[in-house]
Amino acid sequence: MPIVYIIDVESGNLRSLQNAVEYLGYETRFIKHGSDPALKKADKLILPGVGNFGHFVKELRSRDFFDPLTKYVESGKSLMGICVGLQALFKGSEESPDVGGLKFIDLRLKKFNDSNKSVPQIGWNCLEVPALNGKRQTLYDMKPDARFYFVHSYAAIVNDDQIAELSSQGWDLAISKYADEKFIAAVAKGNIFATQFHPEKSGAAGLNVIKAFLQQQKVTSLPETQSQMQESSSKAIEVTPTGLTRRIIACLDVRTNDQADLVVTKGDQYDVREKRAGGDVKSLGKPVQLAEKYYRQGADEVTFLNITSFRNSPIKDQPMLEVLRQAAKTCFVPLTVGGGIKTVLDSDGTEVSALDIATLYFRAGADKVSIGSDSVKAAEEFIASGEHATGKTPIETISRAYGNQAVVISVDPKRYYVADPVNFKYNLITTATSGPDGEKYCYYRVTSQGGRKVHELGAYELCQACEKLGAGEILLNCIDKDGTNSGYDFELINQIKSAVRIPVIASSGAGNPQDFVDVFKNTKADAALGAGIFHRGEYTVTQVKRYMRDHGMLVRIDET
Ligand code: 1PR
335 MPIVYIIDVE SGNLRSLQNA VEYLGYETRF IKHGSDPALK KADKLILPGV GNFGHFVKEL
395 RSRDFFDPLT KYVESGKSLM GICVGLQALF KGSEESPDVG GLKFIDLRLK KFNDSNKSVP
455 QIGWNCLEVP ALNGKRQTLY DMKPDARFYF VHSYAAIVND DQIAELSSQG WDLAISKYAD
515 EKFIAAVAKG NIFATQFHPE KSGAAGLNVI KAFLQQQKVT SLPETQSQMQ ESSSKAIEVT
575 PTGLTRRIIA CLDVRTNDQA DLVVTKGDQY DVREKRAGGD VKSLGKPVQL AEKYYRQGAD
635 EVTFLNITSF RNSPIKDQPM LEVLRQAAKT CFVPLTVGGG IKTVLDSDGT EVSALDIATL
695 YFRAGADKVS IGSDSVKAAE EFIASGEHAT GKTPIETISR AYGNQAVVIS VDPKRYYVAD
755 PVNFKYNLIT TATSGPDGEK YCYYRVTSQG GRKVHELGAY ELCQACEKLG AGEILLNCID
815 KDGTNSGYDF ELINQIKSAV RIPVIASSGA GNPQDFVDVF KNTKADAALG AGIFHRGEYT
875 VTQVKRYMRD HGMLVRIDET
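For the sequence shown, the positions run 335 to 894 when the working numbering is used.
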């Protein structure tokens with residue numbers, strides 16, 4: 335079996351890349367140091383990276399990779415960079431001005447402008463590969479109709495002159511647009527190929543790109559057919575403000591049932607037991623099987639929430655790690671895991687940091703971790719201290735090590751009506767649904783421990799504090815709406831969107847495909863999450879996405 339070598343400087347989720355390469359029929363070996371003799375044997379080498387440019391490049395330097403990598407490329411053998419692995423090929427980045435890259439490409443990376451869009455860019459974008467020799471051809475099987483998963487704040491943002499200059503130097507470029515900013519989605523020249531997107535997380539389209547690299551199919555001819563999207567939809571498809579598709583996430587709340595099996599459950603306003611005295615925990619399926627089912631139906635992401643993690647030490651919670659390991663073998667889209675991401679004492683009394691726990695999950699195959707209860711604690715302390723960041727909260731330690739795109743804040747808010755808005759401490763909204771005593775104002779109190787503990791803090795203030803501490807995305811649940819099938823709470827979503835620049839995932843209340851259409855029409859949500867609708871078998875992810883497309887929405891259709 336041919337061997338593919340992967341450079342491992344312990345950045346983020348390497349397991350998914352390993353899984354993708356093995357799924358394609360290759361063996362993998364990790365190379366952790368530039369002096370490893372395996373580097374001389376390698377003829378297919380992948381340089382994956384996530385997180386901070388400076389941290390990644392310094393790791394490459396401290397492990398003596400710079401010279402061997404340059405020699406490897408000069409020898410004509412194939413190299414593929416992924417995400418920060420692409421960025422490292424450039425001269426430098428605004429993210430870490432004092433750190434120089436490998437300098438294969440004479441350009442510096444810049445941060446996306448967040449005044450008109452969420453940053454980081456998280457989601458599925460398309461790319462344009464210039465026609466080669468006037469023919470519809472493409473590079474490394476990056477098809478123009480396909481969608482690829484991007485997650486990054488910094489990019490090689492380019493104008494037409496820079497594109498022309500790089501082309502004149504022999505670089506083939508695939509260009510994407512995030513709202514109004516053009517950036518390099520992929521580059522290729524000779525034996526070098528690199529993608530800003532994550533092919534190992536881009537479903538079937540991404541696997542095709544990795545396969546094309548491994549088989550060295552640089553140029554592929556394209557048939558002169560219309561795209562699947564154009565063929566199968568009679569309705570004009572919208573142009574979204576950012577260019578990203580409407581992201582649909584399937585969420586699995588996981589816990590042990592009364593027979594001690596790990597199951598996917600689903601609550602009604604967070605109550606997961608059958609509605610009779612002493613009712614059992616509702617059991618709706620097995621986590622790994624359901625995750626794979628939703629991936630095959632075209633879910634853009636899968637989220638696992640370990641909903642009883644507050645009860646025991648997650649370090650011993652091996653089944654959840656195993657769920658991630660198994661799911662990452664067959665689900666080639668981003669995986670998020672939440673529940674118990676906090677510093678804990680292990681059974682022998684030793685302290686295990688939240689960063690250590692997150693690291694275990696990333697190594698098992700997670701791309702992001704979501705923090706619930708501990709984010710409330712961190713935000714309360716941050717606000718009480720006059721916004722003094724200690725650098726020690728899990729949000730800070732994990733985002734520093736893995737990048738802020740890897741840290742999601744899971745918010746469990748509950749609506750609370752307010753009669754008198756004067757001098758009220760928290761951000762209020764004027765609601766269209768008056769309270770029981772005719773109150774016209776409300777705010778959303780945050781809760782922790784799965785809704786058991788209600789705090790005074792508002793969800794608006796919590797999200798702002800967490801963004802300042804380094805969170806990269808908000809998973810916005812709503813206890814009042816959870817499991818009700820009555821649609822999303824637009825007022826809550828709009829309030830939180832106005833609070834932060836990072837992407838916001840709308841969650842709780844989806845009961846039919848129209849709810850997904852409505853949430854994107856009535857709010858600026860960056861993604862919409864559903865749980866019960868899928869687990870109860872009422873609709874498949876495919877049905878939801880087809881319905882959205884038939885109603886003119888831009889979605890990624892990728893049934894494998
Ligand atoms: O506090 O960091 O240990 O994390 C615990 C995590 O578990 C949090 O993300 C919290 O939201 C979640 N959680 C805790 N208890 C419950 C429960 O249901 N009893 N589930 C729970 C949260 C909410 C959503 C749900 C949507 C969509 N589940 O994720 O999937 O509301 O549901 P719907 O589409 O069926 O309406 P920590």
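The C-beta atom is built at its ideal place from N, Cα and C for all residues, glycine as well.
Near V788, which residues of its chain fall below 6 angstroms by C-beta distance, leaving aside the five closest residues on each side in sequence?
Only R779 and T781 meet the Cβ criterion.
Answer yes or no: do D849 and G821 have a C-beta to C-beta separation smaller than 8 angstroms?
Yes. Within cutoff.
Taking the alpha-carbon of D614 as reference, which of P371, D440, T590 and D701 has the nearest alpha-carbon?
It is T590.
Assess contact between the segment 472-482 and the segment 531-544, defined as three or more Cβ pairs (one per stretch) separated by less than 8 angstroms. Is contact present?
Result yes; three or more Cβ-Cβ pairs closer than 8 angstroms.
Rounded to whole angstroms, how far is the Cβ of N447 from the Cβ of F484, which I believe are closer than 8 angstroms?
About 16 angstroms separates the two Cβ atoms, so there is no contact after all.
Would you tell me roughly how many angstroms separate the C-alpha atoms of E515 and A594, rounded to the nearest one?
Computed Cα separation, rounded: 51 angstroms.
Can you list, in chain order, the residues of its chain whose CB lies under 6 angstroms from that of V338, leaving out five sequence neighbours each side?
Correct list, in chain order: V355, Y360, T362 and K378.
Between D495 and H389, what straight-line distance do the alpha-carbon atoms span, to the nearest angstrom?
Using only the alpha carbons, I get a separation of about 30 angstroms.
With a threshold of 6 angstroms on Cβ separation, who are the neighbours of M563 within its own chain once the five nearest residues in sequence on each side are excluded?
Reliability fails at M563, whose pLDDT of 42 lies under 50, so the model's placement of it is uncertain and no value is given.
Start and end of the alpha helix (DSSP H) containing G843?
Looking at the DSSP string, G843 is not in any alpha helix (DSSP H), and its letter there is neither H nor E.
In the DSSP output, what is Y483 paired with across the bridge?
Its beta-bridge partners are W458.
DSSP beta-bridge partners for Q471?
Answer by DSSP bridge pairing, in chain order: S555.
Going by beta carbon distance, what residues of the same chain come within less than 6 angstroms of G864, once the five residues before and after it are set aside?
The answer, listed in chain order, is A844.
Quick check on the DSSP output: the beta strand (DSSP E) that includes F387 runs from which residue to which?
Looking at the DSSP string, F387 is not in any beta strand (DSSP E); the run it does join, the alpha helix (DSSP H), is F387 to S396.
Can you give me the start and stop residues for the alpha helix (DSSP H) that T574 sits inside?
From DSSP, T574 is part of no alpha helix (DSSP H); its letter is neither H nor E.
Pull up the DSSP beta-bridge partners for V788, would you.
Paired residue(s): T781.
Is the closest heavy atom of ligand 1 to the C-beta of S704 under 7 angstroms?
Within the cutoff, so yes.
Let me confirm a value: S566 is counted as buried when at least 16 other C-beta atoms fall within 10 Å, else exposed. Which label applies?
Annotation note: pLDDT 49 at S566 (below 50); position unreliable, no value reported.
Taking the runs of the alpha helix (DSSP H) that are 4 residues or longer, which of them lie wholly in the segment 493-542?
Listed in chain order, they are 494-502.
Does the CB of D701 have a neighbour CB from chain D at under 8 angstroms?
No chain D appears in the structure shown, which is made up of a single protein chain.
Quick one: what's got a C-beta closer than 6 angstroms to Y751's C-beta in the same chain, skipping five residues either side?
Hits under 6 angstroms: G769, E773 and C776.
Say whether the segment 603-619 touches the segment 652-660, bearing in mind that this needs 3 or more beta-carbon pairs closer than 8 angstroms, one atom from each stretch.
Contact between the segment 603-619 and the segment 652-660 is absent, because fewer than three Cβ pairs lie under 8 angstroms.
In chain order, what residues of the same chain lie with their CB nearer than 8 angstroms to the CB of V606, ignoring the 5 residues before and after it?
Here the set comprises D587, R589, T599, K600, V615, K616 and I641.
P847 and M882 - do their beta-carbons sit closer together than 8 angstroms?
Yes, these two residues count as a Cβ contact at 8 angstroms.
Is L796 closer than 8 angstroms to A713 when the C-beta atoms are compared?
Their beta carbons are under 8 angstroms apart, which means A713 touches L796 by this criterion.
Comparing C-alpha positions only, which one of A862, Y357, N819 and D440 sits nearest to E872?
Looking at the Cα atoms, N819 is the closest of the given residues.
Just checking my contact of Q503 with I518 at CB under 8 angstroms: how many whole Å lie between their CB atoms?
Not confirmed; about 13 angstroms, so no contact.
Answer yes or no: the CB of K600 versus the heavy atoms of ligand 2, is any distance below 7 angstroms?
By its list of ligands, the structure shown excludes ligand 2, since it contains just ligand 1.
Go through its chain and collect everything with a Cβ distance to F399's Cβ below 8 angstroms, but skip five positions before and after it.
Cβ neighbours of F399 beyond the five flanking positions: I341, V343, H367 and G368.
Per DSSP, what are the beta-bridge partners of A489 in this structure?
Its beta-bridge partners are K444.
In its own chain, which residues sit with a C-beta less than 6 angstroms from the C-beta of T677, not counting the 5 before and 5 after it?
Result list for T677: S687 and A688, in chain order.
Using 8 angstroms as the threshold, is the segment 758-768 in touch with the segment 824-841, meaning 3 or more CB pairs across them?
Segments in contact, yes.
Using a Cβ-Cβ cutoff of less than 7 angstroms, which residues in the same chain neighbour D440 once the five nearest sequence positions on both sides are dropped?
Contacts found: K425.
Give me the residue from S733, K759, D754 and R786 with the minimum Cα distance to D771.
For the residues S733, K759, D754 and R786, the minimum Cα distance to D771 belongs to D754.
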